[in-house]
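Residue numbers (my numbering): -15 to 383. Glycine included, every Cβ here is placed at the ideal spot set by N, Cα and C. Only one structure is covered here, and it is reproduced in the block below.
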Ligand code: SF4
Ligand code: SF4
């Protein structure tokens, strides 16, 4: 096997992994970077081709029926956003319904904020591709023995991907699309708040596929709010607090219960107000539009970011509906953390390294283990070389 080593660079952490990669891994790296550039370039071209919409195009002389299709929402959704009853006349000019130009501008700006930036899908796909290749092919230099495990999976490529996810996938391109809203919008379409369920299902399928190709890859590597929490958790303070983990049973019951309650409210089975979206009041993705619509949204963002200094991804663990759905989907993941139980002597090293119960549950062989965010922390820790990130069907290598 061709190995590329430049000893002079050995102590320089950011480049160390590059120069320990085998020739084959270098080919993987170059091809991956080329694929990422191509994906983003295609996204850029498609984004440029999409016609922009400005809120100033709309006036209070227009009716809900004239405005709603142009911003791709249903009449009911626009009426709700304007604070009107859902059965208000959709044909009258909105000024006759008591709506001011300022209120109309604000409502349209908010709804356009949900408009999905086409380029963002491509950025997300490119970052996810990098994450997957890093986890499966690049994090561990080919042929590197277990005694060198501390050099495997250096953190900086992961941190770099997280910074890009927050900066570009979040602040530069705005909050939509994102995995959490994609899940909620499928159910909103079912109660008539979006014109086409197929479009919303397509967006959700995109994120779900990225959660399945690599175990929760979209959450672990690309979701901007997940990435922001992950980056904060990386700050090396409150180490003793970080050793305390919230029992998975507790966090998952709360997250699952919220999900069920949200559906009951949305469908009007409880509360009698069909179309009520509880996640709207705790949606932290508004941060990326710099649009803190309600006090509860601001409080959610603040609390979740502050708690992230000491606890791992509180929003993902306790609230996010996509987090809950992608946890269910983990059983289908194609590439994932796998424990070789013949090698594992249950020393607990990975359990300590893992910020959740994910490694512990996998060592114990649980059928429904805690969420694994493909964060890499357990992949360079095992003295028995019993943990690998690999294809689900791959057979264990003999010792
Ligand atoms: S679980 Fe976390 S990372 Fe995943 S979509 Fe929700 S907020 Fe993002
Ligand atoms: S440390 Fe835990 S969450 Fe991270 S990859 Fe390993 S099992 Fe998954």
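- Around the beta-carbon of residue 357, 16 or more other beta-carbon atoms lie within 10 Å, marking it buried.
- In the displayed model, residue 196 falls within a helix according to three-state DSSP.
- Here residue 6 carries a strand assignment [DSSP, helix/strand/coil].
- Listed as beta-bridge partners of residue 321 by DSSP are 373.
- In the three-state reduction of the DSSP assignment, residue 47 falls in the strand class, which pools E and B.
- Distance from the CA of residue 282 to the CA of residue 268, rounded to the nearest whole angstrom, comes to 8 angstroms.
- Residues whose Cβ lies closer than 7 angstroms to any heavy atom of ligand 2, listed in chain order: 321, 334, 337, 338, 339, 340, 342, 343, 346, 356, 357, 358, 359, 360, 361, 362, 363.
- If you check the C-beta of residue 307 against ligand 1, you find a heavy atom less than 7 angstroms away.
- DSSP places residue 94 in the uninterrupted alpha helix (DSSP H) bounded by 85 to 97.
- With a threshold of 16 other beta carbon atoms within 10 Å, residue 38 falls short and is exposed.
- Within the chosen limit of 7 angstroms, ligand 1 does not reach the beta carbon of residue 129 with any heavy atom.
- The count of Cβ pairs closer than 8 angstroms, one atom from the stretch 207 to 215 and one from the stretch 117 to 125, stays below three, leaving the stretches out of contact.
- Distances from the alpha-carbon of residue 367 to those of 177, 130, 274, 170 put 130 closest.
- Rounded to the nearest whole angstrom, the C-alpha separation of residue 139 and residue 243 is 33 angstroms.
- In the DSSP assignment, residue 166 falls within the alpha helix (DSSP H) that extends over 163 to 174.
- With fewer than 16 other Cβ atoms from the protein chains shown falling within 10 Å of its own Cβ, residue 233 counts as exposed.
- Distances from the CA of residue 265 to each of 81, 185, 303 were compared; the closest alpha carbon is that of 303.
- With fewer than 16 other Cβ atoms inside 10 Å of its own Cβ, residue 375 counts as exposed.
- Following the DSSP letters along the chain, one finds residue 345 inside the alpha helix (DSSP H) bounded by residues 342 to 347.
- C-alpha of residue 322 to C-alpha of residue 346: approximately 8 angstroms in a straight line.
- Take the alpha-carbon of residue 226 and the one of residue 296: they are about 8 angstroms apart.
- Separation of residue 263 and residue 9 (C-alpha to C-alpha, rounded to the nearest whole angstrom) is 43 angstroms.
- Counting C-beta atoms within 10 angstroms of its own C-beta, residue 30 has fewer than 16 neighbours from the protein chains shown and is therefore classed as exposed.
- The secondary-structure analysis by DSSP pairs residue 77 across a beta bridge with 47.
- Approximately 5 angstroms separates the beta-carbon atoms of residue 157 and residue 101; this is inside 8 angstroms, confirming the contact.
- Take the alpha-carbon of residue 354 and the one of residue 278: they are about 32 angstroms apart.
- With respect to the 8 angstroms criterion, residue 205 and residue 144 are not classified as neighbours on the basis of their beta carbons.
- Taking 7 angstroms as the cut-off, one finds at least one heavy atom of ligand 1 near enough to the beta carbon of residue 297.
- In the three-state reduction of the DSSP assignment, residue 137 falls in the coil class.
- Sequence-distant Cβ neighbours of residue 74 in its own chain, meaning closer than 6 angstroms and more than five residues away, are 48, 49, 59.
- Just so you know, the alpha carbons of residue 256 and residue 248 end up roughly 9 angstroms apart.
- With a 10 Å radius around the Cβ and a threshold of 16 neighbouring Cβ atoms, residue 78 comes out buried.
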